[in-house]
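Residue numbers (my numbering): 33 to 182.
Here a beta-carbon is modelled for each residue, glycine too, at the ideal position from N, C-alpha and C.
Right, one structure below, let's go through it.
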């Protein structure tokens with residue numbers, strides 16, 4: 033989990049200018065996942081090749097909305113983007129969500145993460161809410177909430 037937080041922080045700083053508070057947030061989130069993990073309805077998948085980390089995705093129970101799961105920590109290494117790893121991770125995540133009986137899946141992303149947004153749309157996610165631009169992680173951003181039915 034520490035590595036997941038680290039890779040998010042390194043790449044999001046280099047590509048988008050996210051400041052160090054983002055790494056702190058990711059570290060807390062991954063620790064929360066470990067501390068509260070429910071194996072009957074939650075998972076973290078890591079894509080690897082020959083021991084090398086390629087990407088990850090988490091599915092967690094939405095503790096505020098019954099029947100809804102959340103995609104969290106979706107990430108694909110820059111050097112392996114375009115090879116279908118993101119597609120494989122999202123497919124695996126949604127298949128598990130169906131298998132354990134979730135009715136819908138939601139996620140939060142940022143307007144500028146265009147590759148991830150295209151993939152979410154490809155899998156039937158739709159924007160449910162767009163936040164007003166605000167300062168977050170050291171820069172102005174527009175946050176979006178996406179969702180799809182299963």
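Neighbour-count burial assignment, residue i, 16 or more Cβ in a 10 Å radius
i	result
residue 92	buried
residue 35	exposed
residue 173	buried
residue 64	exposed
residue 62	buried
residue 118	buried
residue 122	buried
Beta bridge counterpart(s) of residue i as assigned by DSSP
i	result
residue 179	138, 158
Separation of residue j from residue i, as counted between CA atoms
i	j	result
residue 128	residue 53	31 angstroms
residue 47	residue 166	19 angstroms
residue 125	residue 49	28 angstroms
residue 40	residue 120	19 angstroms
residue 45	residue 100	30 angstroms
Sequence-distant residues of the same chain with beta carbon closer than 6 angstroms to residue i, five excluded per side
i	result
residue 152	178
Notebook entry, point to check: If you scan the stretch 97 to 142 from start to end, which runs of the alpha helix (DSSP H) of 4 or more residues do you find wholly inside it?
Noted result: 117 to 131
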